[in-house]
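**Student:** One structure coming up, written as structure tokens, with questions to follow.
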Amino acid sequence: MPDLLERRLIGELTTPVEPGVVGFADALARACPVLPLGVLFYGSMLRTADPEGILDFYIVTEDASGFSGGLVARTGNLVLPPNVRYAEFRHGTRTLRAKIAVLSRAQFAARTGLAALDTTVWARFCQPVRLVWVRDSDSADAILSLIANCVTTASCWAALLGRASMTALEFWQILFAHTYGSELRVEKKGRGNTILEGQEARYESLLPLGWARGGLVFSANGEKLTPAINAALYRKSVRRWALVEASGRPRNVARLVKAAFTFENGASYLAWKIQRHTGFDMRLSPFESRHPLMNLPVLLWRARHLLSRRKAP
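Next comes the structure, spelled out in structure tokens:
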């Protein structure tokens, strides 16, 4: 029986999205070695549609048997998940583009709790998300529970990182400022506020539901909420968040290094980014697309040449 938070999230997860996104997710799922539990669609393209933008998908597999790629890629996804790849999908007259990350169910679950040092899963999936492909009803229930855990953990960390008494939106602003600060991400100041824009009512309603699900008692005085956090719990949370911050950036640097060897179709992604921002087409050969590391000096020289042509009078 779904709890109050899960019932609130069911409607969000099942809100329809455009057919092209659904078709793309279906193609990704059916290309996996084993059908995954589901495919999640999230990120900036869910918040604000951009015909030329990059979609963000997360594929949740049953276990490691659902990982694709060669030995290096599969090992990388086991040791330092997730692996990320780039793909394109033709829908009618449009070409849709996406970054796809892959995690097993156990890997996802391990990153949704308060004990997790890695914030990258729960901090993303406490935000709006759609379940655009699902294997069966049991898989849907499993993913619903994972997303509810993300919201619960985010809500509780918002209370632990915030001041004694704040509005719901102020708690969320504090949370996202901390999560972006713990990662190696170049974001504009106030990025957390941007995430909340247009979704204020959602976050205001989810915060007390997350607290209730996490067993955190609170009181309300008008718009001000006051979670009951004793001094011992507060001191423990300060020490724990220090570990989160200390481990976050080295972990993400390691992921960037790993991506140099495991980012499938990374050269095509780079070429598309250059074309979008400069108007120049790098025209990758099939060999360059398959072996980006081997051809990296040539690709970088070509990209630099195109950029210098753009700057020339």
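Those letters in the sequence shown? Residues 57 to 369, by my numbering.
Every residue, glycine too, gets a C-beta built ideally from N, C-alpha and C.
Per DSSP, which residues does A143 bridge with? Please list them.
**Tutor:** A154
**Student:** Do you know offhand how far G132's Cα is from Y259's?
**Tutor:** 35 Å
**Student:** When you compare only the Cα positions, how much space is there between L91 and G122?
**Tutor:** 7 Å
**Student:** Where does V185 fall in DSSP's three states?
**Tutor:** Here DSSP, grouped into helix, strand and coil, assigns V185 to strand.
**Student:** Go to V73, then tell me how far its alpha helix (DSSP H) extends in each direction, as first and last residue.
**Tutor:** Segment: none, V73 is in no alpha helix (DSSP H) and carries neither H nor E.
**Student:** Using 8 Å as the threshold, is the segment 250–264 in touch with the segment 193–200, meaning 3 or more CB pairs across them?
**Tutor:** no
**Student:** Tell me which residue opens and which closes the beta strand (DSSP E) that I203 is part of.
**Tutor:** Where I203 is concerned, there is no enclosing beta strand (DSSP E), although the alpha helix (DSSP H) it sits in stretches over 193–217.
**Student:** With distance defined between alpha-carbon atoms, name the residue in V273, R296, G266, A214 nearest to I203.
**Tutor:** Closest option to I203, Cα to Cα, is G266.
**Student:** Mapping the DSSP letters down to three states, classify G67 as helix, strand or coil.
**Tutor:** helix
**Student:** On the criterion of 16 or more Cβ atoms from any shown chain inside 10 Å, does S211 qualify as buried, or is it exposed?
**Tutor:** buried
**Student:** Use the C-beta contact count for L187: other C-beta atoms within 10 angstroms, 16 or more gives buried, fewer gives exposed.
**Tutor:** Burial call: buried.
**Student:** If you run the structure through DSSP and keep just helix, strand and coil, what is D112?
**Tutor:** strand
**Student:** Under three-state DSSP, which class holds N308?
**Tutor:** Annotated three-state conformation of N308 is helix, per DSSP.
**Student:** On the three-pair Cβ rule with 8 Å, is the segment 173–182 touching the segment 139–147?
**Tutor:** They do not touch, by the three-pair rule.
**Student:** Do you know whose CA, among D59, L263, A298, N205, lies nearest G169's CA?
**Tutor:** A check of alpha carbon separations from G169 across D59, L263, A298, N205 identifies N205 as the nearest.
**Student:** Quick one: using the 10 Å Cβ neighbour count with 16 as the cut-off for buried, is M57 buried or exposed?
**Tutor:** The residue in question, M57, is exposed, as its Cβ has fewer than 16 Cβ neighbours within 10 Å.
**Student:** Report the option in D59, L159, T282, L93 whose CA atom is closest to the CA atom of N139.
**Tutor:** L159
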